[in-house]
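Here the structure is laid out as structure tokens; the discussion comes afterwards.
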Amino acid sequence: MKAGMRAIGLSADSVSDAELEEVFKTLDKDGSGSLNLNEFMNALTPSLSTKRKEILSAVFRKVEKTGDGAITANDLTRFYIAKHHPAVVAGRKTEEDIKTEFLNNFEVDKVTRDGKVTLEEFERYYAEISQGCDSDEKFATLVKNTWDLY
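Count the sequence shown with this note's numbering and you get residues 8 to 157, in order.
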């Protein structure tokens with residue numbers, strides 16, 4: 008890990024092996040001894056505020072119709088609004104293209120890709136989007152305008 012830190016220009020000299028091991032164990036959620044892409048992305052994504060989590064949880068509950076705790080591609084197709092996406096408006100992509108790309112944003116690890124989006128994946132995606140919203144109200148508006156639920 009120290010070699011990797013040095014390779015990207017970080018000083019690893021002031022960090023002990025024990026400290027690095029503790030950080031690694033914290034990031035390695037599945038205990039596999041390596042970081043998969045999801046674990047790495049989770050480490051880089053800031054946490055959502057309680058209000059934003061509540062907004063996402065409410066949307067997720069309304070969209071998730073099968074009772075298995077995941078949004079399916081069918082759920083996504085029914086509720087996700089892609090017609091206002093800039094690439095659709097410009098005629099560069101179809102609404103279906105955007106919906107497919109949207110689903111693929113959640114399923115970044117091709118090994119575990121299953122065509123379903125869990126609440127954890129949903130929150131992780133929106134945690135990245137959330138960084139561009141300076142208030143909970145703006146975030147709520149963004150989410151409301153993306154999902155045909157109101």
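Here a beta-carbon is modelled for each residue, glycine too, at the ideal position from N, C-alpha and C. Owing to the predicted nature of the structure, the values given are computational and were not obtained by experimental measurement.
Notebook entry, point to check: Does the stretch 93 to 109 come within contact of the stretch 46 to 57, defined as at least 3 CB pairs closer than 8 Å?
Noted result: no
Item checked: Limits of the alpha helix (DSSP H) - the one that A134 falls within -> If you number the sequence shown from 1, residue 134 lands on position 127. It spans L126 to S137 - the alpha helix (DSSP H) in which A134 sits, taken as one unbroken run.
Next item on the list: Look at A77 and K123 and say whether their C-beta atoms are less than 7 Å apart.
Entry: Working through the sequence shown from its first residue, we reach residue 77 at position 70. Working through the sequence shown from its first residue, we reach residue 123 at position 116. Contact: yes.
Item checked: Outcome for L63 when other beta-carbon atoms lying within 10 angstroms are tallied against a minimum of 16 -> Numbered from its first residue, the sequence shown carries residue 63 at position 56. It counts as buried.
Next item on the list: Figure out for me which residue from A134, R13, N112 and S21 has the closest Cα to the Cα of L83.
Entry: Counting from one through the sequence shown, the residue named residue 83 turns up at place 76. Looking at the Cα atoms, N112 is the closest of the given residues.
Next item on the list: Tell me whether V77 sits in a helix, a strand or coil according to DSSP, three-state version.
Entry: Taking the first residue of the sequence shown as position 1, residue 77 is located at position 70. The sequence shown places Ala at residue 77, rather than the Val named in the question. If DSSP states are grouped into helix, strand and coil, A77 belongs with the strands.
Check: Within this structure, are the beta carbons of R68 and F146 separated by less than 7 Å?
Finding: The count along the sequence shown starts at 1 and reaches residue 68 at position 61. The count along the sequence shown starts at 1 and reaches residue 146 at position 139. It is not a contact, given that the beta carbons lie outside the stated cut-off.
Margin query: Considering only the alpha carbon of each residue, which of N81, E127, V118 and L126 lies closest to K106?
Written below: Residue mapping note: residue 106 aligns to position 99 of the sequence shown, counting from 1. For K106, the nearest C-alpha among the options comes from N81.
Check: On the three-state DSSP scale, how would you describe K100?
Finding: Numbered from 1 along the sequence shown, position 93 holds the residue referred to as residue 100. K100 falls in the coil class under three-state DSSP.
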